[in-house]
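Protein chains in written order, with the working numbering: chain A, 61 to 565; chain B, 3 to 250. Positions of the beta carbon are idealized from the N, C-alpha and C atoms, including for glycine. Accompanying notes for the structure given below.
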């Protein structure tokens, strides 16, 4: 019995060292920062009649013109083949790197660089050498994926339980130890991640159409740009069907068939001109004054570069807004898709919406919003927030479904605030921070649609064949991504664990 | 008691622990050949630390059965048991064995599994076994090592009393000396020669089993002294909380 003790003082707003208030303070700081910087963003709606345009698009989606699509099966097959072989090549390149990852700083830095440049930028780069060919498409996927696989595989292998290895009798060699303990322990997660990355590969493969490679995205972009929304609707449905039917056609036994069939579709292979390739690597991408040792010339060269500060500012601002937007979208959307709330119809509808939003690549979403709202930062922001928010909401809803509330019969608000959110929020925040890197990477490519981020200038300089400036800007982009990644890892709450199944995005 | 054999191991005032953290300060004990020792004590008293230290000191003579088994869920029972003798085959043979089981080990392990009552499970991944079946697989791996000495960290914790007896006699048949951590006090008195009792990082009990009673053993467990009162001040949870996050 506490007889003489005074009751402890009532805590003030959001104070204390418990996890809840700490994460809440963290979140509110992030939101406040975004609100503070919001006036700097150009969010104007420029088109006059977005609603008529939207109505036409919805009509196109509702009544797709299947007959108008030209050779859909070839485009579909090529999309799958590029994704499959790109991912496989990424695995082959990335797995050995994963084994060296923990030991070599050079490998870690190299992989960070490969990851920091988006697939589409790699495609733009290889386009200059290999032309519109399968090699460009494969390299554009395989190279960044090698960097991603190296990092993620290394993390998965590192997280395998130590106990089975410790239980081995003394004197077992490294290779055998790996084959008997680490590899089988990590296998389910390695396979799941590779599968997930293949799905990303499919989206990226579609996007390669935006730079002219003949995958599904090429026809999609043309149809949208020329206002043939019924044809675009058919192509979009084709893409959704492809993603939705993934579990059936990507069965383990079917993979060899797909791989061989796909390989036949990939041709024709370009005849690589060695001299041209060498000239590109050794001269075209370097500033001429640098090659000639002309230092005053280098200064003049630097002045020819477009003003970087606004581009970098826009990139970072869009990244921050996209991240905070994703957080809000995810917070609002996940309860609707989890089994703890609503009824069967509402759950099915919101799950469908989440799948739709997360399957559509940001660039495509941004492209559609751009046609609706005109060129400002708004379409890009909406696209980033909706796509990434939906992706996070989907994973969190699935995580929530695996939980059983300790107290039954709580009202919905109590269930949300006392049972589920406290358990889910750390994971949600962890996912968000993980996604922040991806969001920034995508912020840059949204520039290809005319938002004045770094990607806009990269695209422009590639178009004017100013490879030296384009490559310099690519380096700046990569450095920016690496810096933000390091920053987000520094500030991410340590208590937020990344252990939702299937969430290693 | 007359010393007939030289001790296998004698510790005199040694600090045991992990890294800088000392769990068992100034520990003294003697392990004699031919002795079957039961290691008792509440969770967190330092049983696992002591067993790990014994394993490190006794080296190659030890068949080791760790706590939570240290099995690989993705591999079959056969492969998990085979791992007990991984060091005795070439790397190439070990790798090939993953593709197709080697003839001789397969025969030996089949025999062993017959004795353990898991013969029909040899090809099943350990991840799909019940707790008791995993336990028997882990013991099978230790038996397959064919050493003189058996060190087990709660190897019979999740089987029924009859099975526990049967498994212990299998262990006895192959090893002349053993140190086994367990929680079944009756078993410690009926089946072992000697009992070591740990409490709060000290060896408070070291006596022949036939000189001890159940009450002596109860003294090791703080929760057994007083009836548990539910309104008492919060006690540290001894059982792990139910884990709500999916573990791989």
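{"Asked": "Simplified DSSP assignment, three categories, for residue 101 of chain A", "Found": "coil"}
{"Asked": "Residues that residue 66 of chain B contacts on chain A, provided the C-beta gap is smaller than 8 Å", "Found": "227, 229"}
{"Asked": "Residues near residue 338 of chain A in its chain [Cβ-Cβ closer than 8 Å; skip 5 each side]", "Found": "none"}
{"Asked": "Short Cβ contact (8 Å threshold) for residue 577 of chain A with residue 74 of chain B", "Found": "Because residue 577 of chain A is not part of the residues shown, which for chain A are 61 to 565, the question remains open."}
{"Asked": "Every unbroken beta strand (DSSP E) within the region 339–412 of chain A, with a cutoff of 3 residues, ordered by chain", "Found": "none"}
{"Asked": "DSSP-derived helix/strand/coil call for residue 37 of chain B", "Found": "coil"}
{"Asked": "Residue from B/118, B/61, B/96 whose Cα sits closest to the Cα of residue 142 of chain B", "Found": "B/118"}
{"Asked": "Straight-line Cα distance separating residue 448 of chain A from residue 58 of chain B", "Found": "51 Å"}
{"Asked": "Segments of 4+ residues assigned as alpha helix (DSSP H) that fall wholly inside the region 84–132 of chain A", "Found": "110–122"}
{"Asked": "Cα-Cα separation, residue 148 of chain A to residue 239 of chain A", "Found": "21 Å"}
{"Asked": "Alpha helix (DSSP H) runs contained entirely in the region 96–176 of chain B, provided each spans 4 or more residues", "Found": "105–118, 133–146, 163–176"}
{"Asked": "At least 3 beta-carbon pairs within less than 8 Å: the region 266–276 of chain A vs the region 89–105 of chain A", "Found": "no"}
{"Asked": "Assigned exposure category for residue 111 of chain A - 16 Cβ within 10 Å defines buried", "Found": "exposed"}
{"Asked": "Beta-carbon spacing of residue 378 of chain A, residue 503 of chain A below 8 Å", "Found": "yes"}
{"Asked": "Own chain residues within Cβ distance below 6 Å of residue 272 of chain A, not counting five before or after", "Found": "192"}
{"Asked": "Sequence-distant residues of its chain with Cβ nearer than 8 Å to residue 250 of chain B (five each side left out)", "Found": "Only weak support is given to the placement of residue 250 of chain B: the predicted model assigns it a pLDDT of 33, under 50, and the value that follows is read from those uncertain coordinates. If we look at residue 250 of chain B and ignore the five residues flanking it on each side, it has no Cβ neighbours."}
{"Asked": "contact_flag[the region 143–153 of chain B, the region 59–67 of chain B] where n(CB pairs < 8 Å) is 3 or more", "Found": "yes"}
{"Asked": "Contacting residues, own chain, Cβ-Cβ under 6 Å from residue 289 of chain A (five flanking each side not counted)", "Found": "116, 117, 120"}
{"Asked": "Straight-line Cα distance separating residue 85 of chain A from residue 392 of chain A", "Found": "19 Å"}
{"Asked": "Test: residue 142 of chain B CB closer than 8 Å to a CB of chain A", "Found": "no"}
{"Asked": "Separation of residue 150 of chain B from residue 12 of chain B, as counted between CA atoms", "Found": "17 Å"}
{"Asked": "Residue 201 of chain B - containing beta strand (DSSP E), residue span", "Found": "196–201"}
{"Asked": "Separation of residue 492 of chain A from residue 114 of chain A, as counted between CA atoms", "Found": "30 Å"}
{"Asked": "Proximity to residue 199 of chain A [Cα-Cα], best of A/220, A/166, A/249, A/142", "Found": "A/142"}
{"Asked": "At least three beta-carbon pairs within less than 8 Å, the region 34–48 of chain B to the region 195–204 of chain B", "Found": "yes"}
{"Asked": "Terminal residues of the beta strand (DSSP E) in which residue 182 of chain B lies", "Found": "179–183"}
{"Asked": "Every unbroken alpha helix (DSSP H) within the region 264–288 of chain A, with a cutoff of 4 residues, ordered by chain", "Found": "276–285"}
{"Asked": "Close beta carbons around residue 221 of chain A, own chain, < 8 Å, minus the five adjacent residues each side", "Found": "245"}
{"Asked": "Residue range of the alpha helix (DSSP H) that includes residue 18 of chain B", "Found": "Note, residue 18 of chain B: premise wrong, no alpha helix (DSSP H); beta strand (DSSP E) at 11–20."}
{"Asked": "Distance between beta carbons of residue 386 of chain A and residue 495 of chain A, contact taken as under 8 Å", "Found": "6 Å"}
{"Asked": "Cβ-based neighbour list, residue 66 of chain A, same chain, cut-off 6 Å, excluding 5 preceding and 5 following", "Found": "none"}
{"Asked": "Residue 28 of chain B - DSSP class collapsed to helix/strand/coil", "Found": "strand"}
{"Asked": "Own chain partners of residue 19 of chain B with C-beta closer than 6 Å, once the 5 adjacent residues on each side are dropped", "Found": "25"}
{"Asked": "Span of the beta strand (DSSP E) around residue 210 of chain B", "Found": "204–210"}
{"Asked": "Minimum length 4: unbroken alpha helix (DSSP H) runs contained in the region 456–523 of chain A", "Found": "481–506, 514–523"}
{"Asked": "Beta-ladder partner(s) of residue 23 of chain B, from DSSP", "Found": "B/20"}
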